[in-house]
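The structure appears below as structure tokens.
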Amino acid sequence: MSRSFRAMKGTRDLLPNETIRWRQLETVIHDTMKAWSYGEIRTPVFEMTELFARSVGEESDIVSKQMYTFTDQSKNSLTLRPELTAPTMRAYIQHNLARDGALTKLYYMDTLFRQERPQAGRMRQFSQFGAEAIGSPHPEQDAEVISLICAILNKLGVINLEVVINSIGSAHSRDRYRDELVNFLTPLKNQLSETSQRRLDTNPLRILDTSDEGEQAILADAPDIMEFLDGEDLSHFEELQDHLTEFGIDFRRDKSLVRGLDYYTRTTFEITSPNVGAQSALCGGGRYDDLIAQLGGKPTPAVGFAAGIERILIAAGEHKETSLEGVSVYVVTVSDNTRSAAAKLADNLRQNGVTASFDTLRRSVKAQLREANRLSSSHAVFLGDDELNSGSVEVKELDSGLQSKVAIEEIISHFTID
RNA sequence: GUGGGGGUAGCUCAGUUGGUUAGAGCUCCAGGUUGUGGCCCUGGUGGCCGCGGGUUCAAGUCCCGUCCCUCACCCCA
Numbered sequence: 304m305s306r307s308f309r310a311m312k313g314t315r316d317l318l319p320n321e322t323i324r325w326r327q328l329e330t331v332i333h334d335t336m337k338a339w340s341y342g343e344i345r346t347p348v349f350e351m352t353e354l355f356a357r358s359v360g361e362e363s364d365i366v367s368k369q370m371y372t373f374t375d376q377s378k379n380s381l382t383l384r385p386e387l388t389a390p391t392m393r394a395y396i397q398h399n400l401a402r403d404g405a406l407t408k409l410y411y412m413d414t415l416f417r418q419e420r421p422q423a424g425r426m427r428q429f430s431q432f433g434a435e436a437i438g439s440p441h442p443e444q445d446a447e448v449i450s451l452i453c454a455i456l457n458k459l460g461v462i463n464l465e466v467v468i469n470s471i472g473s474a475h476s477r478d479r480y481r482d483e484l485v486n487f488l489t490p491l492k493n494q495l496s497e498t499s500q501r502r503l504d505t506n507p508l509r510i511l512d513t514s515d516e517g518e519q520a521i522l523a524d525a526p527d528i529m530e531f532l533d534g535e536d537l538s539h540f541e542e543l544q545d546h547l548t549e550f551g552i553d554f555r556r557d558k559s560l561v562r563g564l565d566y567y568t569r570t571t572f573e574i575t576s577p578n579v580g581a582q583s584a585l586c587g588g589g590r591y592d593d594l595i596a597q598l599g600g601k602p603t604p605a606v607g608f609a610a611g612i613e614r615i616l617i618a619a620g621e622h623k624e625t626s627l628e629g630v631s632v633y634v635v636t637v638s639d640n641t642r643s644a645a646a647k648l649a650d651n652l653r654q655n656g657v658t659a660s661f662d663t664l665r666r667s668v669k670a671q672l673r674e675a676n677r678l679s680s681s682h683a684v685f686l687g688d689d690e691l692n693s694g695s696v697e698v699k700e701l702d703s704g705l706q707s708k709v710a711i712e713e714i715i716s717h718f719t720i721d
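Take the first sequence: its letter number 112 is residue 415 in the working numbering, and every next letter is one higher.
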């Protein structure tokens with residue numbers, strides 16, 4: 304086994320028994336997005352590296368150490384997308400989607416790439432779906448986006464969810480807070496971890512979501528961002544909470560919820576599940592009112608989320624096998640003389656929309672029936688010399704074991720009219 | 001990048017203080033019905049015991065190295 308190829312670290316194959324669940328989940332997502340009037344967008348797997356550096360932030364972990372970056376033959380620095388909000392906004396600007404209306408609602412479902420050490424719920428190639436509502440600065444839009452992901456998770460049967468929200472303010476109020484936080488932490492600098500000390504210069508807000516207990520104790524006395532939000536930030540945050548309550552969504556406010564992407568303004572949120580292991584975030588999102596302008600578009604407010612499909616599948620747990628419904632026929636070849644007749648019959652059934660199989664291993668009747676059983680076929684059709692001579696075949700209903708004769712001319716209608 | 005756990009049949013795993021031809025369950029294949037499945041019975045296929053080196057009369061078992069998987073830290077979906 305050591306000599307054969309295997310899927311690269313952090314990637315995996317989805318085998319037929321798993322793709323069934325994936326399809327079910329994808330169907331729920333597409334249907335719900337449609338019901339909420341979000342249109343699907345699909346963007347290329349790679350983009351200019353600069354797009355992510357500018358939007359996600361040079362200092363973010365994603366850009367500083369997790370990207371699959373390469374140089375193409377034209378010496379362009381390209382990167383396999385590590386997230387999908389920036390590419391979606393790039394496309395929004397490039398195609399001037401704003402002309403279609405004051406509000407543009409987009410969703411995506413695709414694979415992303417981050418070069419991290421894999422663990423439960425974290426892969427190097429992974430899948431996300433997400434929604435972006437572009438054009439509305441108002442809190443009801445934030446609430447709609449949050450209720451959208453909650454609706455999808457509910458439909459998927461994911462339970463034990465926790466919705467956590469916070470506001471990190473708009474750019475100017477956040478700047479004032481950042482200065483204050485730096486003032487507070489600088490005298491305590493030598494009590495901070497190495498990475499936090501570095502972040503004090505590069506991205507002080509990120510220190511807030513440390514998991515180090517000593518640092519958490521220090522931060523307990525740190526200034527609260529709520530005290531620095533301006534009036535509009537505050538009312539936005541309060542209205543968001545009112546709307547969530549109206550939607551019947553339970554949530555918790557966590558002032559340490561900062562998130563690792565630089566483009567957020569005001570609302571940030573996360574939905575977590577305890578059943579995934581350490582990687583408990585199923586969904587993360589927030590408002591990013593400045594991003595489109597940063598990427599060269601007309602200043603346009605927007606809010607969205609991204610959710611991890613692998614994590615959702617883990618959180619949803621095992622689902623009972625949904626057995627195949629409807630008719631499926633196994634044509635049993637009883638004698639060597641009837642091989643081509645059996646193949647032809649199966650083909651004829653398929654042409655008429657009936658799921659059908661026949662034996663290509665030249666196995667015994669017993670083995671063919673075992674195969675029919677393994678395939679969960681609903682019926683077996685026996686085709687041997689007697690049947691060819693008499694012009695009628697034996698049709699056996701596999702659940703009940705009942706068997707009857709059906710004229711060959713009527714076999715198609717026998718299964719299609721059922 | 002840093003830790004913990006683990007690599008024996010397709011899958012899940014057992015394998016004693018080193019000791020003959022390395023085991024079980026499930027799966028798969030075949031037979032038990034000269035043309036009839038599931039359940040049951042019988043038999044069979046399938047192993048560089050992750051890889052390399054060392055110790056020993058003898059290594060799946062002990063030692064060293066190495067690769068891979070996995071969980072966790074960091075961070076995130």
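Where is the CB? At the ideal position from N, CA and C, for every residue including glycine.
Item                                                                                                                     : Value
Cut-off 7 Å between Cβ atoms - residues of its own chain near R479, not counting five sequence neighbours on either side : F531
Local conformation of M304 per DSSP, three classes                                                                       : Residue placement at M304 is poorly supported in this model, since its pLDDT is 40, which falls under 50; the coordinates still yield a value, given next. Three-state DSSP puts M304 in coil, outside helix and strand.
K287 versus L451: straight-line alpha-carbon distance, rounded                                                           : The chain is shown from 304 up to 721; residue 287 falls before or after that span and cannot be answered.
Nearest to A252 (by Cα), restricted to the options Y591, L560 and R326                                                   : Any property of residue 252 remains undetermined from this structure, which presents the chain solely from 304 to 721.
Backbone secondary structure at G772 - three-state DSSP                                                                  : What the structure shows of the chain is the stretch from 304 to 721, and residue 772 is not part of that stretch, so it cannot be assessed.
Ordered list of alpha helix (DSSP H) runs contained in the stretch 679-705, each at least 4 residues                     : 688-693
Per DSSP, cross-strand counterpart(s) of N469                                                                            : T571
Cβ shell of D702 (< 8 Å), same chain only, five flanking positions each side left out                                    : S681
C-beta atoms of V461 and I612 nearer than 9 Å                                                                            : no
Best match in T498, D504 and H475 for proximity to N486 [C-alpha to C-alpha]                                             : D504
Top-ranked residue by Cα proximity to F661, from Q654, N655 and E674                                                     : E674
Distance between P602 and I323 (C-alpha atoms, nearest Å)                                                                : 42 Å
Sufficient close CB pairs (3 or more, under 8 Å) joining the stretch 417-428 to the stretch 565-584                      : yes
Three-state secondary structure (DSSP) of Y341                                                                           : coil
Contact between the stretch 382-389 and the stretch 595-610 (3+ Cβ pairs under 8 Å)                                      : yes
Candidates V657, S638 and A644: closest to S667 by CA position                                                           : S638
Same chain, Cβ closer than 8 Å to L725, neighbours up to 5 away in sequence not counted                                  : This structure gives no information on residue 725, because the portion of the chain shown stretches from 304 to 721.
Residues of its chain near E542, where Cβ-Cβ distance is below 6 Å and the 5 sequence neighbours each way are ignored    : P442
Euclidean distance between Cα positions of A446 and G433                                                                 : 15 Å
Three-state secondary structure (DSSP) of L652                                                                           : helix
Candidates I552, G588, I510 and D536, of which the one nearest L484 by Cα                                                : I510
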